[in-house]
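Engineer:
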Amino acid sequence: MNVSIIGYYGDNFGDLLMLKSLLSLKKPGLVFTVLTYGDAESLRKQSFISDNDVGVVELNKANALAAYKKVMSSSAIIWGGGTCFMDEGGTGGIKYMALGRLFGAHVIYAGIGVDNHKKLKTRLILFLATLIAKALYIRDSASLQAVKKINPWMRSGKIKQSVDLAYALDIDDTQGASSLDGTDDYIIVCLRDLEGYGEQSSADIYRQLLGVSIKACRALGINKIGVLNADAEVDAGVSLYAERELEGCGFSVFKIPGSDIDQSIECIKKARHVISARLHPAVVAYAVGTPFSLYNYSDKNKKFTAETHTDECLIHRGAISRFVPQYQVGAAGEKSTHKQLAQSTVNEIYQLLN
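Under this note's numbering, the first residue of the sequence shown is numbered 1177, with each subsequent residue one higher.
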């Protein structure tokens, strides 16, 4: 049985976590192909791809025919997590999903979120997705309500609230190769390229977020900072900026490549605090019990802290300088529930593939 999984992937830490979660179950007779909007060569280097003979096709003009053939020969086509419907260009792979449905494939949206969708085009695409999908698993309550409002006539049971797919991984058992010298305490900083987001200067935001990291270091008595580059294609510039600025302030700085997801998880586990503009470093920090601070550049970050009842960890836009990091870890019970729900979602998806 041929199954296609569509997503951004490539070198993005969060997308790789969600993809690995979807591929975490081994089921005889399933042949997976990943259709990626990201860099195919980078994705092929991931051990969970190469070790399991998962095919990879990069979605571009040169590979259009190969991608269409894969979709038409698939028994199921899955959108593999993340915010995929939004006015800023998120179409949820609708042309591939619709083509797959036309040729008899089951269409599944797994662990997705919905962001700003005021444009008519976005709303029509989302409505079409609800018509052709066999199942939609939505990762937060606000996105769930948005989808239900777009199509209030969906049959009961077709749409379900889930959680982020990344929770499905056995993160506690992950063992990445450590790049750290000694056992010094450290915090982690993860910036995101914010050019075009909001009215405030992105340079001001980067500077203020680094100010929060310095504040955290002083509070914890730490002089070591790991800079996590969670998307090598998008965030290389801001990560380099963070490294240089923090070194200039006298901190010992080391690099964490987000494309090495096992090493990144291991570093987050051992950190005293994580300060991030990217969502998934905070998701992992929450899952393993590391205190975190998450900048609200996008509603998806605010939705995450709302769902996990960690509003005090959200750094609000326009109020970065007034933010006070939290250094206590919450109770483990809810985190365990998130993991169970994510694993249950992945299991349900595999059952739908029958």
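All C-beta atoms, glycine included, are put in the ideal place defined by N, C-alpha and C.
Kindly indicate the opening and closing residues of the alpha helix (DSSP H) around LEU1304.
Structural biologist: Locating residue 1304 in the sequence shown gives position 128, counting from the first residue. Residues 1296-1308.
Engineer: Can you tell me which residues form a DSSP beta bridge with VAL1233?
Structural biologist: Within the sequence shown, the letter at position 57 stands for residue 1233. Partner(s): LEU1211.
Engineer: Helix or strand or just coil, what does DSSP make of GLY1268?
Structural biologist: Your numbering for residue 1268 matches position 92 in the sequence shown. In the structure shown, GLY1268 sits in coil (DSSP, three-state: anything other than H, G, I, E or B).
Engineer: Would you list the one or two residues that DSSP bridges to GLY1258?
Structural biologist: For this step, residue 1258 is matched to residue 82 along the sequence shown. ILE1288, per the DSSP bridge assignment.
Engineer: Looking only at its own chain, which residues have a Cβ that is under 6 Å from the Cβ of ALA1461, when we skip the five neighbours before and after it?
Structural biologist: One-based indexing of the sequence shown puts residue 1461 at position 285. Contacts found: ILE1444, VAL1450 and PHE1468.
Engineer: Per DSSP, what are the beta-bridge partners of HIS1449 in this structure?
Structural biologist: Stepping through the sequence shown from its first residue, residue 1449 is reached at position 273. ILE1363, per the DSSP bridge assignment.
Engineer: What residues in its chain sit with their C-beta under 6 Å from that of GLY1269, if we drop five residues either side in the sequence?
Structural biologist: Counting from 1 along the sequence shown, the entry for residue 1269 is found at position 93. So the qualifying residues of the chain are ILE1182 and TRP1255.
Engineer: Would you check if the stretch 1274-1292 and the stretch 1245-1265 touch, i.e. whether three or more CB-CB distances between them fall below 8 Å?
Structural biologist: Taking a contact to require three or more Cβ pairs closer than 8 Å, the stretch 1245-1265 and the stretch 1274-1292 qualify as touching.
Engineer: Taking LEU1404 as the reference, give the member of LEU1206, TYR1417 and LYS1431 with the closest Cα.
Structural biologist: The residue labelled residue 1404 in the question sits at position 228 within the sequence shown. Measuring from the Cα of LEU1404, the nearest candidate turns out to be LYS1431.
Engineer: Short check: CB of LYS1479 to CB of ALA1318, under 8 Å?
Structural biologist: Along the sequence shown, one-based indexing puts residue 1479 at 303. Along the sequence shown, one-based indexing puts residue 1318 at 142. Yes.
Engineer: Could you tell me which residues DSSP puts in a beta bridge with ILE1181?
Structural biologist: The residue you call residue 1181 lines up with position 5 of the sequence shown. In DSSP, ILE1181 forms a bridge with VAL1210 and ILE1254.
Engineer: Given a cut-off of 8 Å, decide if SER1180 and THR1209 are closer than it, judged by their beta-carbon atoms.
Structural biologist: Working through the sequence shown from its first residue, we reach residue 1209 at position 33. Working through the sequence shown from its first residue, we reach residue 1180 at position 4. Yes, these two residues count as a Cβ contact at 8 Å.
Engineer: Along the chain, which unbroken stretches of the beta strand (DSSP E) at least 3 residues long are found entirely within the stretch 1312-1347?
Structural biologist: 1335-1337
Engineer: Would you mind giving the Cβ-Cβ distance between ILE1191 and GLY1258, rounded to the nearest angstrom? I have them listed as a contact below 8 Å.
Structural biologist: Counting from one through the sequence shown, the residue named residue 1191 turns up at place 15. Counting from one through the sequence shown, the residue named residue 1258 turns up at place 82. Looking at the sequence provided, one finds Asp at residue 1191 rather than Ile. Yes, they are in contact, since the Cβ atoms of ASP1191 and GLY1258 sit about 6 Å apart, within 8 Å.
Engineer: Out of LEU1385, CYS1425, GLY1426 and GLU1442, which one is the CA nearest neighbour of PRO1433?
Structural biologist: Numbered from its first residue, the sequence shown carries residue 1433 at position 257. Considering only alpha carbons, the answer is GLU1442.
Engineer: Among PHE1261, TYR1503 and ALA1418, which residue has its Cα nearest to the Cα of ALA1322?
Structural biologist: To locate residue 1322, count along the sequence shown from 1; it is residue 146. Nearest of PHE1261, TYR1503 and ALA1418 to ALA1322, Cα basis: PHE1261.
Engineer: If distances are taken between C-alpha atoms only, which option among GLY1276, GLY1287, MET1273 and LYS1245 comes closest to GLU1524?
Structural biologist: As a first step, residue 1524 must be located in the sequence shown, where it is residue number 348. Ranking GLY1276, GLY1287, MET1273 and LYS1245 by Cα distance to GLU1524 puts GLY1287 first.
Engineer: Would you decide whether HIS1492 is buried or exposed? Buried here means 16 or more other CB atoms lie within 10 Å of its CB.
Structural biologist: The sequence position of residue 1492 within the sequence shown is 316, counting from 1. HIS1492 comes out exposed.
Engineer: For GLU1510, I'd like the list of residues in its chain whose CB is within less than 6 Å of its CB, leaving aside the five on either flank, ordered along the chain.
Structural biologist: The residue given as residue 1510 occupies position 334 in the sequence shown. Answer for GLU1510: no residue qualifies.
Engineer: Since ALA1305 and MET1273 should fall inside the 8 Å C-beta cutoff, what is the C-beta to C-beta distance between them, to a whole number of angstroms?
Structural biologist: Residue 1305 sits at position 129 when you count from the first residue of the sequence shown. Residue 1273 sits at position 97 when you count from the first residue of the sequence shown. Rounded, the Cβ-Cβ distance is 7 Å, consistent with contact.
Engineer: For ASP1346 and THR1466, what's the separation of their Cα atoms in angstroms?
Structural biologist: Counting from one through the sequence shown, the residue named residue 1346 turns up at place 170. Counting from one through the sequence shown, the residue named residue 1466 turns up at place 290. Each residue's alpha carbon lies about 16 Å from the other.
Engineer: Could you name the residues that DSSP lists as bridge partners for ASP1532?
Structural biologist: Any property of residue 1532 remains undetermined from this structure, which presents the chain solely from 1177 to 1530.
Engineer: For PHE1427, does the three-state DSSP call read helix, strand or coil?
Structural biologist: Start at 1 with the first residue of the sequence shown, and residue 1427 comes out as number 251. It is coil, neither helix nor strand.
Engineer: Here's the rule: buried if 16 or more other CB atoms are within 10 angstroms of the residue's CB, otherwise exposed. What is LYS1297?
Structural biologist: For this step, residue 1297 is matched to residue 121 along the sequence shown. LYS1297 comes out exposed.
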